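Have a look at the structure below before the remarks.
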Amino acid sequence: MHPLERIYAHLFSMYGPQGWWPLRYAGESPAASRGAGGYHPGRYDLPVSTGGIFEICTGAILTQNTAWTNVEKALDNLAALGAITAEQILLLDDESLRAAIRPAGYYNQKSKKLKAFSRFFIDLDGRTPTRNELLAVWGIGKETADSILLYAYQVPVFIVDAYTRRIMTRCQLIGERWEYDRVRGYIEAHIPPDYRIYQEYHALLVHHAKRHYRRNAPSHSCPLGMLLAGDA
DNA sequence: AACCAGGACGTGA
DNA sequence: TCACGTCATGGT
Numbered sequence: 021m022h023p024l025e026r027i028y029a030h031l032f033s034m035y036g037p038q039g040w041w042p043l044r045y046a047g048e049s050p051a052a053s054r055g056a057g058g059y060h061p062g063r064y065d066l067p068v069s070t071g072g073i074f075e076i077c078t079g080a081i082l083t084q085n086t087a088w089t090n091v092e093k094a095l096d097n098l099a100a101l102g103a104i105t106a107e108q109i110l111l112l113d114d115e116s117l118r119a120a121i122r123p124a125g126y127y128n129q130k131s132k133k134l135k136a137f138s139r140f141f142i143d144l145d146g147r148t149p150t151r152n153e154l155l156a157v158w159g160i161g162k163e164t165a166d167s168i169l170l171y172a173y174q175v176p177v178f179i180v181d182a183y184t185r186r187i188m189t190r191c192q193l194i195g196e197r198w199e200y201d202r203v204r205g206y207i208e209a210h211i212p213p214d215y216r217i218y219q220e221y222h223a224l225l226v227h228h229a230k231r232h233y234r235r236n237a238p239s240h241s242c243p244l245g246m247l248l249a250g251d252a
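In short: position in the first sequence from 1, add 20, done, that's my numbering.
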């Protein structure tokens, strides 16, 4: 069993299914099967509507280098304006859009990003975008593109975020200087390409990192260390 | 009261 | 390529 598989099994046994990506505004998932904050543990059929897909894409852009709690406030404001669809965002004047997403920070940049992505999203006309198409959109980098593919379109790509890097590096599975796509390729080579596993794995890494791998935290012991003691 | 949060882009070597 | 600087609000 590869260390990456062992880590996944361990994290899942510790924390259980995480139910990412949170869906709170699209109203497509029955409230009864939706947990607090819009998380929906155990459901892998979401999103099922265009609104749900777009909400995830919007959240992925707004959460760039930003705490999710701040993104929720921005999404609340957009929902209050009735602007959580691509068409409605494009109808908003720039000043209103900036004001709505202000809690998420970087509002000048992100307002442009949301409009650029909204045009792109409409042109897709329901089709699943390719990774390169997403990367060609201004404001969509590798991590955001992969977040959109994995959580909005159920494409099995592994998201390499700061938390993933920090944990894998400290477990000595990857090098400090490995490029994004090298890390992604390494993980995808050792984990079966099942979008449900990739979704849970990434969410579990984030959850675990928030508890044990804060950037400022001194190198203290982590529960995963014991898992890796036995092999290379 | 610094420090950080589920990054991306522009610029100059 | 690579290393910086910039963007910005809200919680700890």
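Virtual Cβ for every residue (Gly too), placed ideally from N, Cα, C. Fair warning: this is a prediction, and the values are worked out from it, not measured in the lab.
Same chain only: Cβ atoms within 7 Å of residue i, ignoring 5 sequence neighbours per side
| i | result |
| --- | --- |
| Y206 | I194 |
| Y215 | L170, Q174, V175, P176 |
Residue i - DSSP class collapsed to helix/strand/coil
| i | result |
| --- | --- |
| Y221 | helix |
| W90 | Contrary to the premise, residue 90 reads as Asn rather than Trp in this sequence. N90 falls in the helix class under three-state DSSP. |
| E107 | helix |
| Y206 | helix |
| Y35 | helix |
| E196 | coil |
| A136 | helix |
| V226 | helix |
| E163 | helix |
| L95 | helix |
| Q174 | coil |
| P123 | helix |
| A52 | Confidence is the limiting factor: at A52 the pLDDT is only 41, short of 50, which leaves the residue's position unreliable and the question unanswerable from this model. |
| D114 | helix |
Contact set for residue i: own chain, Cβ-Cβ below 6 Å, skip 5 residues either direction
| i | result |
| --- | --- |
| A99 | Y45 |
| Y160 | Looking at the sequence shown, residue 160 is not Tyr but Ile. Answer for I160: L154, listed in chain order. |
| T86 | A124, G125 |
| H210 | H22, L24 |
Proximity below 7 Å, CB of residue i to CB of residue j
| i | j | result |
| --- | --- | --- |
| W41 | I76 | yes |
| L43 | L66 | yes |
| Y200 | V180 | yes |
| I109 | S138 | yes |
| I276 | Y233 | Any question about residue 276 goes unanswered here, given that the chain covers just 21 to 252. |
| R151 | A165 | yes |
Own chain, CB closer than 8 Å to residue i, minus 5 neighbours either side, in chain order
| i | result |
| --- | --- |
| L112 | L101, A103, A120 |
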